[in-house]
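Trainee: Here the protein sequences come in this chain order: L and R. Per my numbering, the first sequence runs over residues 2 to 328. Per my numbering, the second sequence runs over residues 2 to 328. Glycine included, C-beta positions come from ideal geometry on N, C-alpha and C. Quick one: the structure is below, questions incoming.
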Amino acid sequence: MSTTVSGGRSSGDGPSPGSGGPQAPLGGNFLRPSSRRVGERVVLAGLATSALLSVLVTVGIVVSLVLPAVSFWREISIVEFFTGTRWTPTFADPDYGVLPLITGTLWTTAIGLAVAVPLGLAAAMYLSEYANPRVRRIVKPVLEVLAGIPSVVLGYFAVTFFAPDLLRGLLGIGVGAYSVLAAGIVLGVFIVPVIASLAEDAMTAVPDALRQGSAALGANRMSTTLKVVFPAALSGIVAAVVLGVSRAIGETMILAIAAGGRAQMVDSPLLEGQTMTGFIAQTATGENAPGSLAYNTLFAVGLTLFAMTLLINFVSIRLVRRFREAY
Amino acid sequence: MTTIRRGSRLAAAGVAAVSALLLAGCGGQQTGPSTTGAGGGEGGQASGQVRADGSSTVAPLTSAAAELFGAENPNVNVTVATSGTGGGFEQFCSGNTDISNASRPIGEDEIAACEASGIGFTELQVANDALSVVVNPANDFAQCLTVEQLQTMWSPASEGTIRNWNQVDPSFPDTPLVLFGPGSDSGTFDYFTDAVNGEEGATRTDYSASEDDNVVVQGVAGDPGATAYFGLSYVLENEGRVRPVAIDGGSGCVEPSAGTVIDGTYSPLGRPLFIYVNNEAFQRPEVTEFVNFYAQNANEIAEAADFIALSDEQLAQLRSTVDGLAG
């Protein structure tokens with residue numbers, strides 16, 4: 002009696018005679034019931050459909066972005082789009098250079114990360130290495146609450162309190178009502194829980210044996226954390242930072258409200274600037290006839306944003322793989 | 002013991018799911034920039050919906066009318082959106098709205114669009130407005146500006162070059178000029194560019210543009226060198242956060258106010274405010290009732306909403322036009 006070895010289930014054979022029994026090798030065939038139940042197949046179909054649906058939705062989004070964007074780039078040269086420094090699609094004599102929006106996005110993302118990465122990693126280090134379990138039980142949920150604050154609330158916080166009272170009033174920094182600095186800092190605050198949570202998980206996953214070995218060699222807690230735990234958890238920490246970057250680039254409400262509505266080449270954090278997401282929010286809620294050039298700018302900018310995020314995710318996956326240390 | 006725990010977990014999950022569904026169900030009905038006017042009270046046979054859209058300058062007036070009307074006609078739902086005068090006309094000439102709020106008269110292409118869609122309309126002047134130029138309260142040097150100075154600040158030729166108050170007038174101190182204002186969909190924008198720069202739509206584009214006048218107010222209130230222009234009702238509503246400037250139209254400095262607009266001395270920025278009514282929609286009883294109410298009580302509504310009332314002549318004209326519509 003020979004049995005065929007197949008890696009998983011045999012493809013749609015239907016019930017096979019009881020040759021599967023205890024003699025079958027370990028692997029897919031071992032636990033296969035002698036009669037396949039219809040229920041199992043239905044469940045399988047349902048789950049596979051769900052997975053397929055997510056893929057289809059993503060493909061659908063990309064297609065719906067690409068078609069109007071292409072029709073936009075048929076009228077406005079793609080070179081002018083990516084190298085122009087003036088973005089005025091709604092005015093008479095419009096210009097379609099997307100660089101101002103990109104500088105706005107880059108500035109707010111950079112400031113946000115400059116705030117979120119040190120704060121987040123420091124919080125993660127504290128929670129995983131230093132805090133006693135009682136403190137941890139309180140602080141960790143509070144951090145999660147910070148993650149739950151709606152971004153639109155944070156945006157208004159930035160405009161009505163942070164910029165006028167904290168930045169201008171207390172610290173004397175000459176920002177206006179809307180600025181890349183205020184928006185960037187509040188964006189950083191918004192991302193801190195994301196980075197802290199993931200980094201803390203990565204660091205607690207490092208086996209204790211490493212810490213104990215380091216202590217046995219006479220290192221103090223800080224040295225252990227920085228020179229042993231950190232490098233060991235690096236791939237998780239890099240993943241946390243990269244997720245933070247993705248969130249920062251794609252964040253809309255905080256930037257639409259607090260960074261301002263003026264698309265200009267931002268060369269100082271005190272200036273107002275419009276991000277790609279802020280522009281999309283402003284234009285999508287405005288009145289532009291569908292199919293018009295001003296309307297299609299939405300898709301061109303959206304596709305650019307999508308491509309940027311995709312690139313960052315791609316780079317991050319490579320980075321994480323490179324730094325991964327398996328224990 | 003495990004069974005009890007599992008059961009209570011299931012119960013907790015069930016409660017959470019049900020309450021989430023319930024809470025989602027009783028969320029607010031309105032989204033976006035629209036307000037409803039409907040209140041308690043008796044009387045009013047009419048019922049139905051009246052849709053208004055358009056100018057953000059006229060919107061508070063129509064909303065006030067809706068509120069007062071709703072007190073006696075609780076079954077009529079009047080919604081007021083603010084897509085800007087231009088955006089409002091687009092909706093109006095597509096047949097999507099019954100009333101279009103406008104802070105400038107309807108334009109040639111808009112008339113053509115309405116004709117093409119077979120939409121007959123009637124223009125009704127419902128109030129007057131002083132298009133006010135404002136500065137930050139900390140600004141004590143700009144008390145009176147001539148039209149030429151406004152041109153220096155706002156003309157297309159000044160883009161990128163006029164960036165400081167001392168370029169507007171050598172006697173002004175060295176303060177960066179920060180500009181806010183409505184975007185190109187706004188009737189206020191159309192009227193101001195026409196009156197100051199001589200051509201509708203002609204403006205420098207390096208300013209913070211927003212159709213939402215409240216965003217503009219916020220911007221001016223937050224920067225000592227800021228300036229903007231919008232309707233008088235926003236000035237009166239935000240006393241202390243912005244300061245109006247007197248305008249010299251050739252015969253001396255004139256402060257914006259109800260008196261100076263009605264007697265014509267506040268020039269060239271005194272302007273009429275309109276609503277445009279879809280003639281077919283007017284046949285519906287709820288629209289008839291609302292427009293009649295609006296016309297009969299135009300000046301009371303204007304006073305309630307801090308707008309400039311019509312002169313006796315203009316009021317008589319309004320009433321006779323509406324009577325003509327009904328007849």
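#1: When every heavy atom of the ligand FAD is checked, does at least one fall within less than 8 Å of the C-beta of residue 94 of chain L?
#2: Nearest to residue 185 of chain L by alpha carbon, out of L:233, L:271 and L:235?
#3: Closest by CA to residue 262 of chain R, which one among R:90, R:312 and R:251?
#4: Kindly indicate if chain R contains any beta-carbon less than 9 Å away from that of residue 184 of chain L.
#5: Anything in chain R within Cβ reach of residue 160 of chain L, meaning under 7 Å, just list it in chain order.
#6: With DSSP run on the structure shown, which of helix, strand or coil describes residue 39 of chain R?
#7: Report all residues from its chain with a CB closer than 7 Å to the CB of residue 141 of chain L; omit the five preceding and five following residues, and keep chain order.
#8: Pull out every residue of the region 61-89 of chain L whose Cβ sits closer than 7 Å to any Cβ of chain R, in chain order.
#9: Nearest by alpha-carbon distance to residue 156 of chain L: which of L:292, L:279 and L:297 is it?
#10: So with Cβ pairs under 9 Å, would you call residue 230 of chain R a contact of chain L?
#11: Using only CA atoms, which one of L:302, L:169 and L:324 lies nearest to residue 264 of chain L?
#12: If you measure from the beta carbon of residue 22 of chain L to each beta carbon in chain R, is any gap under 9 Å?
#13: Within 9 Å of any Cβ in chain R, is that where the Cβ of residue 13 of chain L sits?
#14: Express the C-alpha separation of residue 245 of chain L and residue 255 of chain R in angstroms, rounding to a whole number.
#15: Since residue 231 of chain R contacts residue 189 of chain R with CB under 8 Å, what's their CB separation in whole angstroms?
#16: Along chain R, which residues have their Cβ under 8 Å away from the Cβ of residue 92 of chain L?
#17: Under the three-state reduction of DSSP, which class applies to residue 107 of chain R: helix, strand or coil?
#18: Among L:220, L:225, L:234 and L:230, which has the Cα closest to the Cα of residue 203 of chain L?
#19: For chain R, is any of its Cβ atoms less than 9 Å away from the one on residue 179 of chain L?
#20: Please give the ranges of any alpha helix (DSSP H) in the region 178-256 of chain R, keeping only runs that are unbroken, at least 4 residues long and fully inside the region.
#21: Using a Cβ cut-off of 7 Å, pull out every chain L residue sitting near residue 249 of chain R, in sequence order please.
#22: Quick check on DSSP: helix, strand or coil for residue 156 of chain R?
#23: So residue 82 of chain L is in the alpha helix (DSSP H); what residue range does that whole segment cover?
#24: How would you write the range of the alpha helix (DSSP H) that residue 152 of chain L sits in, first residue to last?
#25: Whose C-beta lies closer than 6 Å to the C-beta of residue 89 of chain L among residues of the same chain, with five residues either side of it excluded?
#26: Within the 9 Å Cβ cut-off, does residue 48 of chain R reach chain L?
#27: Classify residue 140 of chain R: buried if its beta carbon has 16 or more other beta carbons within 10 angstroms, exposed otherwise.
#28: Quick one: is residue 183 of chain R buried, meaning 16 or more other Cβ sit within 10 Å of its Cβ, or exposed?
#29: Using alpha carbons as the reference points, say which of L:171, L:321, L:179 and L:113 lies closest to residue 193 of chain L.
#30: Using the rule of at least 16 other Cβ atoms within 10 Å of the residue's Cβ for burial, across every protein chain shown, is residue 306 of chain R buried or exposed?
#31: Residues of chain R with CB closer than 7 Å to the CB of residue 164 of chain L, please, in chain order.
#32: Once the 5 residues before and after residue 93 of chain R are set aside, which same chain residues still bring their CB inside 6 Å of it?
#33: Compute the beta-carbon to beta-carbon distance between residue 1 of chain R and residue 229 of chain R, rounded to the nearest angstrom, for a pair I have assumed lies under 8 Å.
#34: Could one say the Cβ of residue 287 of chain L lies closer than 9 Å to chain R's Cβ atoms, at least one of them?
Mentor: Let me lay it out:
#1: Questions concerning the ligand FAD fall outside what the structure shown contains, since it holds no ligand whatsoever.
#2: Locating residue 185 of chain L in the first sequence gives position 184, where the first residue counts as 1. Ranking L:233, L:271 and L:235 by Cα distance to residue 185 of chain L puts L:271 first.
#3: For the purposes of this step, residue 262 of chain R is taken as residue 261 along the second sequence, with counting starting at 1. Cα-wise, what sits closest to residue 262 of chain R is R:312.
#4: Position 183 of the first sequence, counted from the first residue, corresponds to residue 184 of chain L. No, residue 184 of chain L does not count as interfacial toward chain R.
#5: Taking the first residue of the first sequence as 1, we reach residue 160 of chain L at position 159. Ordered by position in chain R, the residues that pass the 7 Å Cβ test against residue 160 of chain L are 219.
#6: To locate residue 39 of chain R, count along the second sequence from 1; it is residue 38. Note that residue 39 of chain R scores a pLDDT of 39, beneath 50, so its modelled location is shaky and nothing firm can be said.
#7: Taking the first residue of the first sequence as position 1, residue 141 of chain L is located at position 140. Closer than 7 Å at the Cβ level, and outside the excluded window around residue 141 of chain L, lie 128.
#8: 89
#9: Numbered from its first residue, the first sequence carries residue 156 of chain L at position 155. Answer by Cα proximity: L:279.
#10: Along the second sequence, read from residue 1 onward, the residue named residue 230 of chain R stands at position 229. No - not a single Cβ of chain L is within 9 Å of the one on residue 230 of chain R.
#11: Here the question's residue 264 of chain L lines up with position 263 in the first sequence. Residue L:302 is the option with its Cα nearest to residue 264 of chain L.
#12: Along the first sequence, one-based indexing puts residue 22 of chain L at 21. Confidence at residue 22 of chain L is low in this model, with a pLDDT of 48, below 50, so its placement is unreliable and the value that follows should be read with caution. Chain R contact via Cβ: absent.
#13: Within the first sequence, residue 13 of chain L is the residue found at index 12, counting from 1. Since pLDDT at residue 13 of chain L reaches only 44, below the 50 mark, its modelled position is unreliable, and the value read off the structure follows with that caveat. Closer than 9 Å: no.
#14: As a working note, residue 255 of chain R is residue 254 in the second sequence. As a working note, residue 245 of chain L is residue 244 in the first sequence. Near 54 Å, if we compare the C-alpha coordinates of residue 245 of chain L and residue 255 of chain R.
#15: Counting from 1 along the second sequence, the entry for residue 231 of chain R is found at position 230. Counting from 1 along the second sequence, the entry for residue 189 of chain R is found at position 188. Their Cβ separation, rounded to whole angstroms, is 6 Å, which keeps residue 231 of chain R and residue 189 of chain R in contact under 8 Å.
#16: Position 91 of the first sequence holds residue 92 of chain L. Those are 185, 202, 204 and 206, listed as they occur along chain R.
#17: If you number the second sequence from 1, residue 107 of chain R lands on position 106. Residue state, collapsed to three classes: coil.
#18: Here the question's residue 203 of chain L lines up with position 202 in the first sequence. Considering only alpha carbons, the answer is L:234.
#19: The residue labelled residue 179 of chain L in the question sits at position 178 within the first sequence. True, the Cβ-Cβ gap to chain R drops below 9 Å.
#20: 188-198, 214-222 and 233-238
#21: In the second sequence, counting from the first residue as 1, residue 249 of chain R sits at position 248. Ordered by position in chain L, no residue passes the 7 Å Cβ test against residue 249 of chain R, which lies about 27 Å from the chain.
#22: Taking the first residue of the second sequence as 1, we reach residue 156 of chain R at position 155. Coil at residue 156 of chain R, not helix or strand.
#23: As a first step, residue 82 of chain L must be located in the first sequence, where it is residue number 81. Its alpha helix (DSSP H) spans residues 79-84.
#24: Reading the first sequence from its first residue, position 151 is the one you call residue 152 of chain L. Taken as a continuous stretch (DSSP letters only), the alpha helix (DSSP H) holding residue 152 of chain L covers 152-158.
#25: As a first step, residue 89 of chain L must be located in the first sequence, where it is residue number 88. Result list for residue 89 of chain L: 95 and 96, in chain order.
#26: For this step, residue 48 of chain R is matched to residue 47 along the second sequence. Not closer than 9 Å to any Cβ of chain L, the Cβ of residue 48 of chain R fails to qualify, so no.
#27: As a first step, residue 140 of chain R is located in the second sequence; it is residue number 139 there, counting from the start. Under this definition residue 140 of chain R is a buried residue.
#28: Residue numbering aside, residue 183 of chain R sits at position 182 when the second sequence is read from its first letter. Buried, by the Cβ-count rule.
#29: Walking along the first sequence from the start, residue 193 of chain L turns up at place 192. Answer by Cα proximity: L:113.
#30: Your numbering for residue 306 of chain R matches position 305 in the second sequence. Buried is the call here.
#31: Start at 1 with the first residue of the first sequence, and residue 164 of chain L comes out as number 163. What residue 164 of chain L touches in chain R: 223.
#32: For this step, residue 93 of chain R is matched to residue 92 along the second sequence. Excluding sequence neighbours, residue 93 of chain R sits near 101.
#33: In the structure as shown, chain R starts at 2 and stops at 328, and residue 1 of chain R therefore has no counterpart that could be examined.
#34: Taking the first residue of the first sequence as position 1, residue 287 of chain L is located at position 286. Closer than 9 Å: yes.
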